[in-house]
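Enquirer:
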Amino acid sequence: MQSQSTATTVASPVPDPRVFPGIFRIGDLGSSVSAPNGGEIRSGFDALDEALTGRGWSRPGLTEILCNHIGIGELSLLMKALGSSANVVHPGDAMHMLWVVPHNQAWIPYAPALAQCGINLDHLAIVRTKSTDDALWAAEQGLKSGACRSVLLRMNEVWCNPLSLRRLHQSAMAGNSILWLVRPLEALNTPSPAGTRISLQPEEGGVLRLNLIKRRGLPAGKSVRLVPRTLACLTRKPRHARTPQKTASIGWLDRILMGNMATASENRVNVRQRSFTPERG
Amino acid sequence: MLWISLYLPELSLQCHTRGALGHLLEVPLVISDGVASRPFVHAANACAREAGITTLMPVAAAQARATQLLVVPREATKEQETLYELATWLSQFTPMVCREKSGASLEISTTLRLFGGIGALVGRIRTGITSLGLKAAIGVAPVPMAAYLLARAAHYIGRVRMCREPAQLQERLTDIPLALFDWPHDVMQSLSALGLVRVKDLLLQPRSSLRRRFGDQVLEDLDHAIGQSADPREPHRVPEHFSSHTDLLFDIIDAERLFIPINMLLSQMEGFLRARGAAVNEIVLDLQHNRTQGTHHEFGSRHPLRSAPEWLRLIRERLTAQPFPEAVVALRLSAPCLVVFQELNESWLPTPDVRQEKWQTLIERVASRLGDKSVFSIRENSDHRPEYAWQPERERGKKKSVRVTPTAQDKPRPLLLLTEPRVLVTVSGAPQHHGALALLAGPERIETGWWDGRPVARDYFVASNPQKEICWIFRDYRYGKKWYLHGYFA
Numbered sequence: 190m191q192s193q194s195t196a197t198t199v200a201s202p203v204p205d206p207r208v209f210p211g212i213f214r215i216g217d218l219g220s221s222v223s224a225p226n227g228g229e230i231r232s233g234f235d236a237l238d239e240a241l242t243g244r245g246w247s248r249p250g251l252t253e254i255l256c257n258h259i260g261i262g263e264l265s266l267l268m269k270a271l272g273s274s275a276n277v278v279h280p281g282d283a284m285h286m287l288w289v290v291p292h293n294q295a296w297i298p299y300a301p302a303l304a305q306c307g308i309n310l311d312h313l314a315i316v317r318t319k320s321t322d323d324a325l326w327a328a329e330q331g332l333k334s335g336a337c338r339s340v341l342l343r344m345n346e347v348w349c350n351p352l353s354l355r356r357l358h359q360s361a362m363a364g365n366s367i368l369w370l371v372r373p374l375e376a377l378n379t380p381s382p383a384g385t386r387i388s389l390q391p392e393e394g395g396v397l398r399l400n401l402i403k404r405r406g407l408p409a410g411k412s413v414r415l416v417p418r419t420l421a422c423l424t425r426k427p428r429h430a431r432t433p434q435k436t437a438s439i440g441w442l443d444r445i446l447m448g449n450m451a452t453a454s455e456n457r458v459n460v461r462q463r464s465f466t467p468e469r470g
Numbered sequence: 008m009l010w011i012s013l014y015l016p017e018l019s020l021q022c023h024t025r026g027a028l029g030h031l032l033e034v035p036l037v038i039s040d041g042v043a044s045r046p047f048v049h050a051a052n053a054c055a056r057e058a059g060i061t062t063l064m065p066v067a068a069a070q071a072r073a074t075q076l077l078v079v080p081r082e083a084t085k086e087q088e089t090l091y092e093l094a095t096w097l098s099q100f101t102p103m104v105c106r107e108k109s110g111a112s113l114e115i116s117t118t119l120r121l122f123g124g125i126g127a128l129v130g131r132i133r134t135g136i137t138s139l140g141l142k143a144a145i146g147v148a149p150v151p152m153a154a155y156l157l158a159r160a161a162h163y164i165g166r167v168r169m170c171r172e173p174a175q176l177q178e179r180l181t182d183i184p185l186a187l188f189d190w191p192h193d194v195m196q197s198l199s200a201l202g203l204v205r206v207k208d209l210l211l212q213p214r215s216s217l218r219r220r221f222g223d224q225v226l227e228d229l230d231h232a233i234g235q236s237a238d239p240r241e242p243h244r245v246p247e248h249f250s251s252h253t254d255l256l257f258d259i260i261d262a263e264r265l266f267i268p269i270n271m272l273l274s275q276m277e278g279f280l281r282a283r284g285a286a287v288n289e290i291v292l293d294l295q296h297n298r299t300q301g302t303h304h305e306f307g308s309r310h311p312l313r314s315a316p317e318w319l320r321l322i323r324e325r326l327t328a329q330p331f332p333e334a335v336v337a338l339r340l341s342a343p344c345l346v347v348f349q350e351l352n353e354s355w356l357p358t359p360d361v362r363q364e365k366w367q368t369l370i371e372r373v374a375s376r377l378g379d380k381s382v383f384s385i386r387e388n389s390d391h392r393p394e395y396a397w398q399p400e401r402e403r404g405k406k407k408s409v410r411v412t413p414t415a416q417d418k419p420r421p422l423l424l425l426t427e428p429r430v431l432v433t434v435s436g437a438p439q440h441h442g443a444l445a446l447l448a449g450p451e452r453i454e455t456g457w458w459d460g461r462p463v464a465r466d467y468f469v470a471s472n473p474q475k476e477i478c479w480i481f482r483d484y485r486y487g488k489k490w491y492l493h494g495y496f497a
């Protein structure tokens with residue numbers, strides 16, 4: 190491919206991207222020619238790399254991930270990019286990561302699981318904030334400091350001031366870092382300066398469907414299916430096919446193991462909806 | 008030997024105003040001296056000079072020229088304190104610093120190469136002096152007396168070339184007026200009566216008659232200046248601790264304006280720390296108010312810092328967040344305990360050290376605004392209980408070399424762990440979380456911790472609900488056999 194482009198340089202009216210590396214050409218999507226600032230972060234999923242501009246998460250800039258659920262693999266999607274050694278780190282390139290956890294979230298990133306994903310915990314710092322404003326401030330500091338390769342922020346609020354999003358985007362550009370902003374799906378209707386916007390939808394068997402709503406260059410208009418998590422139980426054959434075990438002597442557990450819960454669980458959904466208010470929101 | 012001398016022409020004025028540069032530009036201010044009944048103007052600031060006030064003018068006459076004139080009596084102790092602090096600050100460039108009557112001299116032949124030559128060093132001293140709120144004329148000569156004379160000449164006459172060769176010294180000094188020596192008034196009068204005005208006039212006279220007429224002092228100073236006799240100096244001793252205070256001439260309410268004197272004190276501290284080869288982890292800032300008790304602020308950093316801009320950034324984050332109750336009239340900055348500072352090697356390409364430093368700065372900054380507990384890194388812990396299998400780590404400087412044996416290498420662990428396990432509602436025995444949970448994997452029995460009073464006995468399962476969220480749940484066998492949600496495979 191390189192040799193082809195060398196041969197056509199003379200005849201082609203289009204400037205050679207190697208001569209003018211700063212020019213972003215729409216036709217270059219997915220080619221080996223890197224985009225203006227270079228340094229895309231490989232996502233670790235070939236199908237996703239194909240779909241993203243420049244073959245990877247675009248850096249620097251803001252990338253929005255829209256999903257309403259917790260636990261569908263929305264973070265595992267990023268873990269390969271964060272932990273993989275496939276991404277060459279140039280000398281002098283920042284390699285730290287800031288994870289901002291706002292006040293209204295009851296969880297904490299779990300060190301053993303992160304280590305399983307191959308993430309160097311020495312390069313990770315967690316910031317717990319008391320308000321959303323503080324969270325945005327901390328993310329902005331991290332982005333523009335130039336010390337962070339990436340910043341991860343999960344927000345529960347649907348509405349976020351477009352001005353502060355733009356500030357975040359600008360700080361990311363200034364610090365050559367990437368901000369992954371996980372927001373509820375309803376934020377889709379609010380304006381955003383993000384270069385990439387992806388909405389997530391869980392499917393059977395741990396498969397995650399990624400709808401590329403926005404990306405740099407040509408609109409994508411297609412969705413990508415991938416399995417973000419490496420849980421053995423997701424790829425294993427269905428549970429009910431196995432012989433029931435007598436380890437736990439719980440009546441209902443045996444019923445699940447036998448596979449006759451299908452109708453019962455539907456009833457339970459209705460029961461739950463009547464008696465509980467959803468815990469999240 | 009090569010000496011740099013600093014002469015502070017406006018010392019009596021600047022020891023009062025250096026903390027509050029921005030305020031005093033628009034207020035006429037004079038320093039008064041002399042007997043209390045008939046004071047005269049010893050020094051006047053730019054605004055007062057503009058109004059026509061000159062030095063040696065009676066204060067009453069000066070008050071007639073500027074209505075809102077601020078008269079501050081001269082304080083000799085304060086001038087000495089300022090000179091002492093200046094000498095401490097200058098000790099960062101060389102161990103041989105000595106105080107002059109209104110300035111300081113430092114011997115720099117041994118450290119000249121380190122600071123990149125005489126030009127770079129003088130430039131550095133000049134900018135540093137400005138950040139201390141002082142103005143200095145600088146002279147360079149092979150002996151301290153001549154350097155100080157050249158510095159004074161640079162102020163009174165104009166640009167004076169530096170003199171680096173001892174051989175040129177006498178020739179360079181011939182035209183220097185004798186008035187620049189600090190000789191007594193009667194000596195000066197009889198010298199001028201004899202028509203002796205410049206150094207060259209004095210050098211032509213026979214030494215014995217000079218000694219008879221003017222005493223030993225004149226001849227001794229002259230010999231020191233032209234390098235004829237040795238001029239041993241006592242080096243300034245850098246104190247063990249840093250504590251400096253500044254009185255503000257005006258009360259300050261606005262935090263932004265307070266950063267000017269704070270920055271001045273921090274630059275002073277930086278010079279002191281460089282002189283001692285140290286850094287500090289903690290500084291204390293005391294603000295004094297007129298009516299109420301002073302406010303006490305302690306600023307900590309996780310790794311030793313010395314540079315003034317970094318400290319100022321930490322202080323700024325805090326002080327802007329919590330305004331002080333009343334106008335500030337004075338402030339004191341002190342550094343209680345010093346630690347050894349390890350400087351980074353400079354390199355052309357950015358190194359991991361530079362990266363690490365940037366990162367540390369970021370962490371400090373976030374911690375100073377959001378609180379020290381809000382920023383931490385996490386690490387694994389050798390414990391089978393999931394809530395103890397990790398721990399936050401705040402001390403970044405001290406790396407514990409504890410070998411951690413991961414307890415769950417091939418077992419499923421969730422990316423997000425709930426800080427408190429959440430009780431799940433059960434419907435006819437089956438746990439619910441946004442719908443009925445279907446168990447995908449498990450049980451993983453964790454039963455341990457009986458020895459330290461926090462025992463657990465749980466069966467962990469990977470479960471998924473109808474919305475295809477995958478959770479980590481457990482059934483507790485110790486307290487009531489309830490189901491709990493403990494994490495998300497996010």
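Chains as they are written, first to last, in my numbering: chain D, 190 to 470; chain X, 8 to 497.
Think of the CB as a built atom: it goes at the ideal place given N, C-alpha and C, for glycine as much as any other residue.
Here the structure is a predicted model, which means the values were calculated and not measured.
Taking the C-alpha atoms as reference points, what is the distance between G59 (chain X) and L76 (chain X)?
Expert: If you take the alpha carbons of G59 (chain X) and L76 (chain X), they lie about 12 Å apart.
Enquirer: Alpha carbon to alpha carbon, what distance is there between A50 (chain X) and A73 (chain X)?
Expert: Approximately 15 Å between the Cα atoms of the pair.
Enquirer: At a CB distance below 8 Å, what residues from the region 344-360 of chain D approach chain X? Give them in sequence order.
Expert: Within the region 344-360 of chain D, no residue qualifies.
Enquirer: To which residues does DSSP link V289 (chain D) through a beta bridge?
Expert: V289 (chain D) is bridged to D:V316, D:L342.
Enquirer: What residue does the beta strand (DSSP E) around Y484 (chain X) start on, and which one ends it?
Expert: Where Y484 (chain X) is concerned, there is no enclosing beta strand (DSSP E), given that its DSSP letter is neither H nor E.
Enquirer: Just how far apart, CA to CA, sit G110 (chain X) and R339 (chain X)?
Expert: G110 (chain X) and R339 (chain X): Cα-Cα distance of roughly 24 Å.
Enquirer: Closest to L422 (chain X) by CA distance: which of D:D238, D:E229, D:F234, D:W288 is it?
Expert: L422 (chain X) has its Cα closest to that of D:W288, out of D:D238, D:E229, D:F234, D:W288.
Enquirer: Threshold first: 4 residues or longer. Then list the alpha helix (DSSP H) segments lying entirely within the region 63-139 of chain X, N to C.
Expert: As far as the region 63-139 of chain X is concerned, its whole alpha helix (DSSP H) runs of at least 4 residues are 66-72, 83-97, 124-138.
Enquirer: Between L431 (chain X) and F266 (chain X), what straight-line distance do the alpha-carbon atoms span, to the nearest angstrom?
Expert: Near 54 Å, if we compare the C-alpha coordinates of F266 (chain X) and L431 (chain X).
Enquirer: Using Cβ-Cβ distances below 8 Å, what residues of the region 364-398 of chain D are close to chain X?
Expert: Result list: P391, E392, E393, G395.
Enquirer: Could you tell me if N365 (chain D) is buried or exposed, where buried requires 16 or more neighbouring beta carbons within 10 angstroms of its beta carbon?
Expert: Buried, because 16 or more other Cβ atoms sit within 10 Å of the Cβ of N365 (chain D).
Enquirer: Could you pull out every residue in the same chain whose Cβ sits closer than 7 Å to the Cβ of K488 (chain X), ignoring the five residues on either side in sequence?
Expert: So the list reads R482, once near-sequence residues are dropped.
Enquirer: What is the C-beta distance between P249 (chain D) and I367 (chain D), in whole angstroms, given that I count them as a contact (C-beta under 8 Å)?
Expert: So it is a contact: roughly 6 Å between Cβ atoms.
Enquirer: Could you give the C-beta distance for I269 (chain X) and I322 (chain X), rounded to a whole number, given that I count them as a contact under 8 Å?
Expert: That pair is a contact at about 6 Å.
Enquirer: Quick one: what's got a C-beta closer than 6 Å to M195 (chain X)'s C-beta in the same chain, skipping five residues either side?
Expert: None.
Enquirer: When you compare the CB of S334 (chain D) with every CB in chain X, is at least one pair closer than 8 Å?
Expert: Chain X contact via Cβ: present.
Enquirer: Please check if any C-beta of chain D sits within less than 8 Å of the C-beta of R309 (chain X).
Expert: It does not: the Cβ of R309 (chain X) has no partner Cβ on chain D nearer than 8 Å.
Enquirer: Is DSSP giving P151 (chain X) helix, strand or coil here?
Expert: P151 (chain X) falls in the helix class under three-state DSSP.
Enquirer: Taking 7 Å as the limit between beta carbons, can you name the residues of its chain near N288 (chain X), skipping five residues before and five after?
Expert: Contacts found: G307, S308, P311, V346.
Enquirer: Per DSSP, which residues does K142 (chain X) bridge with? Please list them.
Expert: Per DSSP, none; premise fails for K142 (chain X).
Enquirer: By the criterion of Cβ-Cβ separation under 7 Å, what are the contact partners of K365 (chain X) in chain D?
Expert: Correct list: S334, G335, A336.
Enquirer: Quick one: grab the DSSP three-state call for S334 (chain D).
Expert: If DSSP states are grouped into helix, strand and coil, S334 (chain D) belongs with the helices.
Enquirer: Verify whether the separation of the beta carbon atoms of S471 (chain X) and I477 (chain X) is less than 8 Å.
Expert: It is a contact, given that the beta carbons lie within the stated cut-off.
Enquirer: Rounded to whole angstroms, what's the CA-CA distance from L251 (chain D) to H304 (chain X)? Just pull it up for me.
Expert: One C-alpha to the other measures close to 38 Å.
Enquirer: Which whole-angstrom value is the C-beta distance of A148 (chain X) and W10 (chain X), which I expect to be below 8 Å?
Expert: The pair is a contact, with the Cβ atoms about 6 Å apart (cut-off 8 Å).
Enquirer: Nearest-angstrom Cα distance between R404 (chain D) and L292 (chain X)?
Expert: Taking the straight line from one Cα to the other gives about 50 Å.
Enquirer: What would DSSP say about S221 (chain D), mapped onto helix, strand or coil?
Expert: Unreliable placement is indicated for S221 (chain D), whose pLDDT of 39 sits below 50; the coordinate value is still reported in the next sentence. S221 (chain D): coil per DSSP, three-state reduction.
Enquirer: Going by Cα to Cα distance, which pick from D:C256, D:H258, D:D282, D:C349 is closest to E229 (chain D)?
Expert: With distances taken between Cα atoms, E229 (chain D) lies closest to D:D282.
Enquirer: Quick one: list the residues of chain X neighbouring H258 (chain D), beta-carbon separation under 7 Å, in chain order.
Expert: Those within 7 Å of H258 (chain D) in chain X are Q474, E476.
Enquirer: Taking 8 Å as the threshold (beta carbon to beta carbon), is R159 (chain X) in contact with chain D?
Expert: False, the Cβ-Cβ gap to chain D never drops below 8 Å.
Enquirer: Which residue marks the beginning of the alpha helix (DSSP H) containing L397 (chain D), and which one marks its end?
Expert: Counting along the chain, L397 (chain D) falls outside any alpha helix (DSSP H), though it belongs to the beta strand (DSSP E) covering 397-403.
Enquirer: Beta-carbon within less than 7 Å of L255 (chain X)'s beta-carbon, same chain only, minus the 5 sequence neighbours each way: which residues are those?
Expert: Within the same chain, L255 (chain X) has close Cβ partners G26, A27, P268, V335, V336, A337.
Enquirer: Do R171 (chain X) and the ligand GTP come close, with the Cβ less than 7 Å from some heavy atom?
Expert: By its list of ligands, the structure shown contains no ligand whatsoever, and the ligand GTP lies outside what it can speak to.
Enquirer: Name the chain X residues that come within less than 9 Å of V472 (chain D), Cβ to Cβ?
Expert: Outside the shown range of chain D (190 to 470) lies residue 472 (chain D), about which nothing can therefore be said.
Enquirer: Establish whether the CB of G494 (chain X) and some CB of chain D are separated by less than 8 Å.
Expert: So yes, G494 (chain X) belongs to the interface.
Enquirer: Can you list the residues of chain X that R491 (chain D) reaches, using a CB-CB cut of under 7 Å?
Expert: Any answer about residue 491 (chain D) is impossible in this case: the structure gives chain D only from 190 up to 470.
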